[in-house]
Every structure is written in structure tokens, then in C-alpha cells.
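See structure below.
2 protein chains.
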Amino acid sequence: MEFKISREFLSEIEQLISENKSQELLLLLEDIHFADIAEIMEELDDYGAGYIFNTLDSEKTAEILLELDEEVREKILRNLSPKEIAEELDELSTDDAADIIAELPQHKKEQVISELEDVEHAKDIVDLLRYDEDSAGGLMGKELVKVNENWNVLTCVKEMRAQAENVSRVHSIYVVDDEDRLKGRLSLKDLLTTSTKTHISEVYIKKVDYVKVDTKDVEVARIMQKYDLEAIPVVDELGRLVGRITIDDIIDVIKEEADKDYQLAAGISQDVEADDSILELTKARLPWLVLALFGGFISVHVLGIFEPVMKFHPELFFFTPLIAAMAGNVGVQSSAIIVQGLANNTIIGPVVERLLKELSLSLLNGVILSIILLAGSYFLLGYEIHVGYTVSIALLSVIIMASLIGTFIPIILNKYGVDPALATGPFITTSNDILGILTYFTIAKIILGI
Amino acid sequence: MEFKISREFLSEIEQLISENKSQELLLLLEDIHFADIAEIMEELDDYGAGYIFNTLDSEKTAEILLELDEEVREKILRNLSPKEIAEELDELSTDDAADIIAELPQHKKEQVISELEDVEHAKDIVDLLRYDEDSAGGLMGKELVKVNENWNVLTCVKEMRAQAENVSRVHSIYVVDDEDRLKGRLSLKDLLTTSTKTHISEVYIKKVDYVKVDTKDVEVARIMQKYDLEAIPVVDELGRLVGRITIDDIIDVIKEEADKDYQLAAGISQDVEADDSILELTKARLPWLVLALFGGFISVHVLGIFEPVMKFHPELFFFTPLIAAMAGNVGVQSSAIIVQGLANNTIIGPVVERLLKELSLSLLNGVILSIILLAGSYFLLGYEIHVGYTVSIALLSVIIMASLIGTFIPIILNKYGVDPALATGPFITTSNDILGILTYFTIAKIILGI
Chain A
1 MEFKISREFL SEIEQLISEN KSQELLLLLE DIHFADIAEI MEELDDYGAG YIFNTLDSEK
61 TAEILLELDE EVREKILRNL SPKEIAEELD ELSTDDAADI IAELPQHKKE QVISELEDVE
121 HAKDIVDLLR YDEDSAGGLM GKELVKVNEN WNVLTCVKEM RAQAENVSRV HSIYVVDDED
181 RLKGRLSLKD LLTTSTKTHI SEVYIKKVDY VKVDTKDVEV ARIMQKYDLE AIPVVDELGR
241 LVGRITIDDI IDVIKEEADK DYQLAAGISQ DVEADDSILE LTKARLPWLV LALFGGFISV
301 HVLGIFEPVM KFHPELFFFT PLIAAMAGNV GVQSSAIIVQ GLANNTIIGP VVERLLKELS
361 LSLLNGVILS IILLAGSYFL LGYEIHVGYT VSIALLSVII MASLIGTFIP IILNKYGVDP
421 ALATGPFITT SNDILGILTY FTIAKIILGI
Chain B
1 MEFKISREFL SEIEQLISEN KSQELLLLLE DIHFADIAEI MEELDDYGAG YIFNTLDSEK
61 TAEILLELDE EVREKILRNL SPKEIAEELD ELSTDDAADI IAELPQHKKE QVISELEDVE
121 HAKDIVDLLR YDEDSAGGLM GKELVKVNEN WNVLTCVKEM RAQAENVSRV HSIYVVDDED
181 RLKGRLSLKD LLTTSTKTHI SEVYIKKVDY VKVDTKDVEV ARIMQKYDLE AIPVVDELGR
241 LVGRITIDDI IDVIKEEADK DYQLAAGISQ DVEADDSILE LTKARLPWLV LALFGGFISV
301 HVLGIFEPVM KFHPELFFFT PLIAAMAGNV GVQSSAIIVQ GLANNTIIGP VVERLLKELS
361 LSLLNGVILS IILLAGSYFL LGYEIHVGYT VSIALLSVII MASLIGTFIP IILNKYGVDP
421 ALATGPFITT SNDILGILTY FTIAKIILGI
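Chains A and B, in that order, are what the protein sequence lines are. Reminder that position 141 of the first sequence reads as 141 in full-length UniProt numbering, one-by-one numbering, no gaps. Reminder that position 393 of the second sequence reads as 393 in full-length UniProt numbering, one-by-one numbering, no gaps.
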């Protein structure tokens, strides 16, 4: 069951804060999940958010910190001393603590680390800070349960009890050799159902999926998703077990990647949200619009070249937005399917095959649409039949061109290591607008003999 | 580490199949994960896919069935007798087995169910088939570990060993009363670290998140994601524990939902992939294109109305694709941010506030873009300054209009229970094209006094 923030609840909280009734506030928030408290804080002003944060005890606030928007978190952290921040981080798992430290300004980073109470915890966090945040190393946590292949089940259970104190969820028990190299895994279930005297080396599973510290996060996500893993161990260059990644971190990666592709298709760069400031939203949106505007300049210029046509066939100019829009739509459709296929790794095989398939598809769609256009321009719009022929043949050519470009560009971008999602959205619509108009008038001139 | 399908590997397999060397094939596929074998089968022709399926033993084939594309799976199942299908399903968990049965034709469904060996398993599957596939009931599995609140830890561990036989991953231990009503949960860790004589009622956690059988799948996904849950229990109308949903099923929901929104933004309906047939791809793409084409008819008609303007200001017609494209781009940007916000439940507060924010944002963007357009039309394109003024002021108005429409429509759709993602893509670009052109010429006529 989920808690829903209501307007009434928010004003009740605002009321309590303005009257400085911290006890009543604590009571009100007592049974509310930290993820919900974070959402409440994001709805309040800075003072209100800070007030709630200072009122709650650190066990809850540490988790709240994690759930907050980066912007709100930064404001809260700015008002905390390094010692206070360290106290929050002591409550968190290593990967979460490292993520928060990474956001701090350089000088504060070191102060906070030096204030961490648990030395082992601090060492683990410092170790995690070395890795690129988009890599397996940047995603992994140090909390894991590992056993030596030479132990027996009894020692194993004993050791595990000690280790499990620091681990909130036991996913898998990893088996290592004396050099800490990953050898295999052991399921909790096996441990539950095996005699205590059995040697680990007899029962552990030697086949274990793993990733290296420098594997890209999206790659880790794909592997865990494909093989249905809830956790995956991470090894260093020497094959030594250095951490583990759990599925909840991967969900964030999957969600972010999907959101990013969606935003790029809609012409928004950076990961923005509706609640971000106008300046941030402008930074994410304006560059694409400027790009489209310059593309527009070219289309104005191209149309200007065909001005002489206007004298004899002004109606051709009425059809330009239609042709441009169709080119844009077809281009986005084609590229979106390829971008998604590339993201899911289902695009294999030679490019030529893809293009041939897209060619058949666009021929089929194009012919149907051209016939509708022919009928529509004659019956609906009342233009002469030779105008209908001209725009219909032009439409067919433009659709074929747009779909081939939409297929080709993302594949090429991907080949050269550029995010193919860049090709969707304003980029493809703008270039297809221009090429569409050029193709359209060229064909019209040929057909009409002007 | 992940296995990658290479062209060479595929042709090696094709070779072995054509030479009917099943033993060599088995050897080659021995260490390959079932998810990878499924991918290989999807690359082969029907005969090859069937050959591999028949060669492997049923422990592996059951999992492969799950991983296959629906289309390929259907072909494989068509060639199996009800008894053979039942044998595959006996290897699967209840939710996976139910998903596959749900895809079978009605008469085959009953035959397969009657052939299931394990009666309990069969009963659970039949039970699951009752639920809507987009609900918690449709997602859940029956495999779970539950204990009675009146037991002690020792009984508990004993009972759990028996239950765990059927459960591949133990996420949480659920505590129920004598009526099977969900009372709370117990972590494996607690069980590992508690004395065996302790009574369950003393140690279990009374606060437990749960969903009802009829909760929507996207809602379940949001709850599990927000509260960072790896499994969630499902209760019926009377609060009785009837199943559990695990995070791996939720990842599929998240992925599908994100893919769907992305595709709608790109003007593709239905969940299609690059590898689908041309007919399926056409079914997903053509309707949007036809919609856009009819929108295009309206824009042709609108431009026709303004034909008299052509005599004095032909250049206005050169700017129409630019204006239409900008209106489309701005509209998609605005709606995409709202659609994403609605999906993530971050859009709260009155609509008027949103519109005011969008108004400021579009004013800021619009003024910058209009100045660029003014400068560009004068310096780059060489048009007279009064032309520049006219198109710039029109652009500003069109941008404001487009962004307000882009914000308003998804919110309204959502309010009336329609998927707001429908509003992005061709729908918004087409309507903004038309309105943009209309606004543009109306303003131009006023300014130029024609």
C-alpha cells in the first residue's frame, strides 16, 4: 500500500513547522516511509525541508538524503558540518555513501571522510570513489557475504552471521580462494538444505556470472536483465572479488537510460524534470530549438530558390508543410525502432539487410499514403489531378528517402561510438525537412516540366 | 561475462543442424545460458529453431520457452502435444507457466492443464489464469515461503526447508495468521541471527508493504521502485496472502512501459521491434502517418486560404516550414516533460501553475529564438527588416501557443484516464503545425496590414 501526499497533509505540515511544533511533527511523520518524507521535503520550501531534516533522527535522515533530488540534497548538505554529514554516511551502505560524497565539493569531501567513524567503512568508501560513476565499479557496493572454498558449511554459517550484520539483503554467497579470487557461488537455499559438515568446495556452483570493475553500467544492466540476476559480483583485473551490484541500482540505470532516450527523441538533452528550474529547462531545450531554427533557415533558403515556380504553381507551396511533416514523422519512426533495437542489442546482421527491409516497408507505406494524398488533393482539396500526381510521387520519394536516412544515421552513429539516440528527435526532423523540401520541388519541377 | 552471438557461431550451428549432428550440437550448446540459446533460435529459421528445441532436454527448454519472442514461441508450441507442453510447464514457476498457457488457444489450454503432473502446481496455475495480465494478480507467482505467527523459529526453519524446495529465490518470509491473512514479514537475516526457541510473534516485523490482486502492474512497479523492494506480497480482498511479485517481473514492466512511451513519442503504436515482420511494422506505423497526412490536408487548406498574400509577400510562404517545425518541436518538448512527470508521479499541484511556468519558459526561449530569427533573416537570408519583424513576432506567438498546448493536452488526457503519452509525437506535431501556420499568417497579415 502506498502513501499519497495530499494538499491537506502538506499544509498541516507547513502549519506545524511555522508554529515550531517539532513533537507533533515527529508524531505525524512517524509511520511514513523515508521515500515519502523525501517527496514531502521536495514540496516544501528550503526552511521547511531543513526543519524536517533536523527534527528527524539520523537513522531516518540518512535514507531520506538518498531519496532526495540532487538539488534539494545539496541545499541540505550545505548546512551540515563535515562531522554531521559523516554521521549520516555511517548509516548508509558503502555505495550509497560514496555516491553522496562524490557530489560534495573537493575540500568538504576530505573533511567528511576523515570524520567517518568506522575505519573499514571509510576505507571501502574511499576505494569506491576511485571508479567512474558510469561503470560497474561506480555502481557496486562493498557489502557482500563471501566464504572461502576451503571452509565447511558450519564455519561458513558462523562467518556469515558475522558478515551478515553489515549486509541488509543477502543475495548470494560468493566463494573465493585464498587469494580472494572469485571461484563460484553458493545459494542460501543450498546452505539451508545441506549438512553442516559438508565442505564448501563440494557444494558450491562453479558457474558464476560476473562483471569487471570497468564494465559500463548499461552493459551491467543488460547482462543482469538478460540473465535474470538479482545481484552480480564485480571482480578487478586480477579476478579478485571487489564488490557486488544489486538489482535495485540497476533499475535506476534502466530507468535513466530509457528516460534519456525518450527525452532525446523529444529534443531535450540532460536529465531534466518538470519540477526543475526554468533556467535548467531552458538549458536542456534551447540548444535543440536553435539547431532546428538554423535548419529552418536552410529550408527558407531552399524554398527561395524555387520562387520562380510560384508564378505557375503556387499550390506547390501549400503542400510544403505536409511534405516536410511526413518526412519528419517517417524519419523519427525509422530511427526510433533502430535506436531501441540497438539499446536492446537486437540489431545484428549487415546494414544492407536493414536498409532493404526499411526500403520495402517504406515502399508499402509510401504507396498507400500517396494514394490517399492523390485522392485527398483531388476530392477533398479540389486540386487538379496533375497536381495530385506530382505531390503524390514526390511524397513517395520523400518517404523512402526519410526512412532510409532514419535507419542509416543511428546505425552509423552507433558504429562510431556516438549515442544513436541523438539521431532521433529534432536532428532527424530538421534534416528530413530540408531534404524533403528539396526532393519535393526537384521532382515537381521534373514532372511539371518547369 | 556475457556470451555474444557471432556470425561464425551461427553458421557453425546451421551446419551441424543441416548435417543432423545432434550430439555435436548438444556439446556446443552445453555451457550456453538459456537466454542466449533463445537468441540463437530467434536468428535461425523455423526448422533450425525446432531442431535445437527438440535436441535439448526439458530442464533447459522450459527456460528457453520463456525467453523466446512470442512469435517464435508460438511456432514451437504449435508443434508440441499438450502432454509435451505440460512437461515443459512442470519445470517452470507458476507465474511463468500461467503466462505461457494464457497464450495458447482455448481448447489446447484445457488439454495442457489436464496433463500437468503436479496437482498443486496445476491448481496454482489455474488460479493465476483468473487474473488480468496487467494486474498484480497477473504478475504474481504462487511460490513463497510463509510461516504461521504462532510457530517458533525452529518449526519455522523446518517448515521453510520443505517450502524452499519449490522456491528458487527466498526474498522474504511472510508471516500469516491461522486464516492465512498477511500479518507481517521476517527477514532471512533475522532468522539466521535469532535463537531457535524464540516465538515468531516476538520477532516478526509488523510493517509490511503489500499490494492487492487488482492493483495495476505499473502501480506495483512504482511502489516497488519507490520503496526499493525486491519482492512484494499480494493479498486478496480479505487480506489473505495469495502470492508474491518479484523484482525481475517488475523490470519487464518498467522496460515495457518506457519502451511504449518512447515509441508513442516517435509515432509508433504497439510494442514492435526492428525484427518484426513488415506487416506488423506497418500496422504500428501507418495509422500515425495517415493521421499526420490528414493533418497535412488541413495545413494545405489553411495555406490556400492565404493565397492572396502570395502576390505581395511570397517570402512568407518560404518561412512556413520553419514556423511549423518550431511549433512541432516546442510542443513535443513540452508534452514529453509532462508525460514523463505524470509517469513518475511528480506532477502535483494545480494545472494553472504548470501553465504559468511553461509560459515563462516559452517566453524566455521564444524571445531568444525570435532575435536569432530576426538577425538570421536579415543578415543570413537577406530579407528586408520588416519581413524579419513579422516572422519573429509570429514565431514568438507560435512558440508560446505550442508550449501551452503541449503542456495542457497531456494533463487533460491523463485527467480523463487516457494515456498521456498518446499526446506526444505525430499528434502534437500535426496539430501544432496547423495551429502554427494559422497563427503565423494571421499575425503576418495584421502586422503587414494586408
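Where a beta carbon is used, it is the ideal one built from N, C-alpha and C, also for glycine.
Look at residue i and residue j and say whether their C-beta atoms are less than 8 Å apart.
{"i": "G267(A)", "j": "N329(B)", "result": "yes"}
{"i": "G406(B)", "j": "G295(B)", "result": "no"}
{"i": "V234(B)", "j": "Y204(B)", "result": "no"}
{"i": "G239(B)", "j": "G141(B)", "result": "no"}
{"i": "L359(B)", "j": "L404(B)", "result": "yes"}
{"i": "L241(B)", "j": "Y131(B)", "result": "no"}
{"i": "V119(A)", "j": "I85(A)", "result": "no"}
{"i": "V213(A)", "j": "D236(A)", "result": "yes"}
{"i": "V145(B)", "j": "L191(B)", "result": "no"}
{"i": "S335(B)", "j": "T424(B)", "result": "yes"}
{"i": "L395(B)", "j": "H313(B)", "result": "no"}
{"i": "L281(B)", "j": "L361(A)", "result": "yes"}
{"i": "M310(B)", "j": "M310(A)", "result": "yes"}
Around the Cβ of residue i, are there at least 16 other Cβ atoms within 10 angstroms (buried) or fewer (exposed)?
{"i": "D178(A)", "result": "exposed"}
{"i": "residue 455(A)", "result": "Residue 455(A) is absent from the structure shown; chain A starts at 1 and stops at 450."}
{"i": "S58(A)", "result": "exposed"}
{"i": "N79(A)", "result": "exposed"}
{"i": "A284(B)", "result": "buried"}
{"i": "E70(A)", "result": "exposed"}
{"i": "V302(A)", "result": "buried"}
{"i": "R354(A)", "result": "buried"}
{"i": "V351(B)", "result": "exposed"}
{"i": "V418(A)", "result": "exposed"}
{"i": "Q225(A)", "result": "buried"}
{"i": "S6(A)", "result": "exposed"}
Excluding the five sequence neighbours on either side, which residues of its own chain have a C-beta within less than 8 Å of the C-beta of residue i, listed in chain order?
{"i": "L28(B)", "result": "E12, I13 and L16"}
{"i": "K206(B)", "result": "K183 and G184"}
{"i": "D271(A)", "result": "E256, D259, K260 and Q263"}
{"i": "V220(B)", "result": "A136, L139, V211, I232, I245, I250 and V253"}
Which residues of chain B have a Cβ atom closer than 8 Å to the Cβ of residue i, listed in chain order?
{"i": "W288(A)", "result": "N329 and Q333"}
{"i": "K357(A)", "result": "I278"}
{"i": "R161(A)", "result": "L192 and T193"}
{"i": "G304(A)", "result": "E315, F318 and L381"}
Which chain B residues sit within Cβ distance under 9 Å of residue i?
{"i": "G141(A)", "result": "Within chain B, no residue comes near G141(A); the closest Cβ sits about 13 Å away, beyond 9 Å."}
{"i": "H313(A)", "result": "Here the premise fails: no neighbours, minimum Cβ distance about 11 Å."}
{"i": "M41(A)", "result": "Neighbours of M41(A) on chain B: none; closest Cβ ~14 Å, over 9 Å."}
{"i": "T346(A)", "result": "E39, E42, E273, A274 and D275"}
Please list the partners that residue i has in chain B, where partner means a Cβ-to-Cβ separation under 7 Å.
{"i": "R285(A)", "result": "Q333 and N365"}
{"i": "H33(A)", "result": "Y227"}
{"i": "residue 457(A)", "result": "What the structure shows of chain A is the stretch from 1 to 450, and residue 457(A) is not part of that stretch, so it cannot be assessed."}
{"i": "S360(A)", "result": "I278"}
{"i": "G267(A)", "result": "N329, V332 and Q333"}
{"i": "P426(A)", "result": "N329"}
{"i": "D433(A)", "result": "P321 and A325"}
Give me, in chain order, the residues of the same chain whose beta-carbon lies closer than 7 Å to that of residue i; leave out the 5 immediate sequence neighbours on both sides.
{"i": "V387(A)", "result": "E315 and S377"}
Quick one: list the residues of chain A neighbouring residue i, beta-carbon separation under 8 Å, in chain order.
{"i": "M401(B)", "result": "What M401(B) touches in chain A: nothing, since even the nearest Cβ is about 15 Å away."}
{"i": "N255(B)", "result": "According to the sequence as given, residue 255(B) is Lys; it is not Asn. Chain A residues near K255(B): Q225, I254 and A258."}
Listing by chain order, which chain A residues have their CB less than 9 Å from the CB of residue i?
{"i": "residue 458(B)", "result": "The displayed coordinates of chain B run from 1 to 450. Any statement about residue 458(B) would go beyond what the structure contains."}
Name the chain A residues whose beta carbon is nearer than 7 Å to that of residue i?
{"i": "S299(B)", "result": "P321 and L322"}
{"i": "A336(B)", "result": "Y262, Q263, A266 and I268"}
Within a Cβ cutoff of 6 Å, which residues of the same chain sit near residue i, ignoring the five residues on either side of it in sequence?
{"i": "S277(A)", "result": "none"}
For a test of your reading of the model: does the CB of residue i fall under 7 Å from any non-hydrogen atom of the ligand ADP? Yes or no.
{"i": "V387(B)", "result": "Among the components modelled here there is no ligand, and therefore nothing to report on the ligand ADP."}
- Task: Could you tell me which uninterrupted alpha helix (DSSP H) segments, each at least 4 residues in length, are contained entirely in the segment 346-396 of chain B, listed from first to last along the chain?
- Result: 351-375
Margin query: So within the UniProt domain "CBS" (140-202) of chain A, which uninterrupted beta strand (DSSP E) runs reach at least 3 residues, ignoring any that extend past its ends?
Written below: 145-148, 173-176 and 182-186
| request: Within the segment 42-91 of chain A, note down every full alpha helix (DSSP H) run reaching 4 residues or more, in order along the chain. | output: 46-55, 58-67, 70-78 and 82-90
request  = Any chance you could list the alpha helix (DSSP H) runs of at least 4 consecutive residues sitting entirely within the segment 403-448 of chain A, in chain order?
outcome  = 426-448
| If contact means a Cβ-Cβ distance below 8 Å, which residues of the segment 378-395 of chain B contact chain C? | Of the protein chains in the structure, A and B, none is chain C.
**Prompt:** In chain order, which continuous runs of the alpha helix (DSSP H) of length 4 or greater are located wholly inside the segment 280-324 of chain A?
**Reply:** 307-312 and 315-318
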